[in-house]
Amino acid sequence: MSRLAKTTFLGSIVLSAGIIYGVHHMQRQEAETMYKGVLRDDERRRDKMRKREEELVESQRKRALYEAVQQVPSQSKQLDGS
């Protein structure tokens, strides 16, 4: 084989290997980015649940306070229409 053919062949091998490595590297980065998105979603979901629990506790506290101050008919009487 001529020197030019060997150089061209070697160059194409190096270029192909570089492209393959680049594609695999990009795929790993994309997978890592997607995983970080899942972690952010989980954190957001936990924050939302914690906030809802805090709101529920506050609502229950207010209800207990209002029931202590005001006369509240039982729910069964309200449903019967009495």
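The numbering of the sequence shown is the numbering used here, which starts it at 482 and goes up by one. Ideal placement from N, C-alpha and C gives every residue a C-beta, glycine not left out.
Query raised in the report: Which value, in whole angstroms, describes the spacing of the CA atoms of Thr488 and His506?
Result: 27 Å
Query - Helix, strand or coil at Met507 [DSSP, three-state] - result: In the three-state reduction of the DSSP assignment, Met507 falls in the helix class.
**Report entry** Three-state class that DSSP yields for Ser493 in the structure shown
**Finding:** helix
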